[in-house]
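Worksheet: one structure, shown below.
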Amino acid sequence: MAERGVVLQTRGLSRHFGGLRAVESVDLEVSEGQIHCIIGPNGAGKSTLFNVISGMIPATAGRVVFQNENITRKSPQAISRLGLVRSFQTPRVFASMTVLDHVLLASRERTDAGERAHDALVRVGLLERRAVLGSDLAHGEKKRLELAMALAMRPRLILLDEPTAGMNAHETEDIAGIVRQAAGSATVVVIEHDIDFVRGIADTVTVLHKGMVLREGTIADIEQDDDVRRVYLGEA
């Protein structure tokens with residue numbers, strides 16, 4: 001079997017806010033076609049790491065390399081055009097726009113935007129809700145809509161920030177299926193607190209603690225690690 005290439009790499013990546021070291025010297029490698037989960041307690045720096053990688057905020061130090069290109073100082077728009085897209089903890093959905101309009105907007109620069117939108121809505125199970133306004137969507141539907149918007153861009157890498165937050169068990173399983181399917185055409189990095197969800201999708205897991213990488217490995221490796229059990233799983 002051929003070795004997977006590295007799609008995303010960070011080296012010494014740091015982000016400080018005054019005296020707070022939200023992200024500190026993070027070295028991360030994400031392999032092509034994998035589902036790579038990032039876990040850790042609240043305040044571990046997970047969302048800040050995503051913000052730096054996606055260009056939302058600048059790095060204090062270090063670099064981000066995507067598909068062998070240094071993107072450390074690029075804008076979010078430039079990074080997105082290269083094929084790296086992300087979601088947010090709180091879905092960014094406009095109340096007065098329909099489901100279909102959201103997805104068309106995400107793929108507006110493509111000549112096949114209509115085809116992309118249709119395909120993405122089928123994949124997340126929202127095709128029959130395409131004419132519904134954002135204001136009339138349930139929370140779980142908004143999260144799926146944000147996934148559809150990402151998929152419509154046909155990215156190389158998707159960053160998902162807590163895609164199952166606020167969802168029930170059935171909705172969470174639906175999202176797991178969508179993420180697994182998405183990994184057939186893109187690499188996926190997921191921030192998530194639900195360890196059962198992570199257990200069902202992750203190829204590789206990175207544990208952050210106080211802005212630094214504590215451990216990395218398979219979910220089995222992580223769950224058996226004493227330090228991880230202490231700081232994240234809450235065991236003495």
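Just so we're aligned, residue 1 is where the sequence shown starts under the numbering used here, counting upward by one.
Where a beta carbon is used, it is the ideal one built from N, C-alpha and C, also for glycine.
Just so we're clear, the structure is a prediction, and the values are computed from it rather than from any experiment.
- The bridge partners DSSP lists for Phe-66 are Leu-8 and Glu-69.
- Under the three-pair Cβ rule at 8 Å, the region 75-90 counts as touching the region 154-166.
- For the pair Lys-74 and Pro-58, the Cα-to-Cα distance works out to about 9 Å.
- In the structure shown, the three-state DSSP call for Ile-222 is helix.
- Taken through DSSP and simplified to helix, strand or coil, Thr-48 comes out as helix.
- Between Cys-37 and Val-179, the CB-CB gap reaches or exceeds 7 Å.
- Annotated three-state conformation of Phe-17 is strand, per DSSP.
- For His-102, the enclosing alpha helix (DSSP H) starts and ends at 99-106.
- Thr-204 has His-36 as its beta-bridge partners, per DSSP.
- The residue among Lys-142, Gly-83 and Phe-66 with its C-alpha nearest the C-alpha of Ala-95 is Lys-142.
- With respect to Val-65, Thr-187 sits apart: the two C-beta atoms are not nearer than 7 Å.
- Residue environment analysis places Leu-145 among the buried positions, since at least 16 neighbouring C-beta atoms fall within 10 angstroms of its C-beta.
- Taking a C-beta distance under 7 Å as the contact criterion, Leu-121 and Leu-127 qualify as a contact pair.
- Under DSSP, Ile-57 shares a beta bridge with no residue.
- Of the residues Met-212, His-209, Gly-211 and Ala-220, the one whose Cα lies closest to the Cα of Asp-196 is Ala-220.
- Rounded to the nearest whole angstrom, the CA to CA distance from Ala-176 to Gly-62 is 32 Å.
- Just so you know, the alpha carbons of Ile-201 and Leu-20 end up roughly 32 Å apart.
- With contacts defined by Cβ atoms closer than 7 Å, Thr-60 and Arg-123 do not form a contacting pair.
- Counting C-beta atoms within 10 angstroms of its own C-beta, Thr-218 has fewer than 16 neighbours from the protein chains shown and is therefore classed as exposed.
- For Asp-174, same chain residues with a beta-carbon under 6 Å away, outside a window of 5 residues either side, do not exist.
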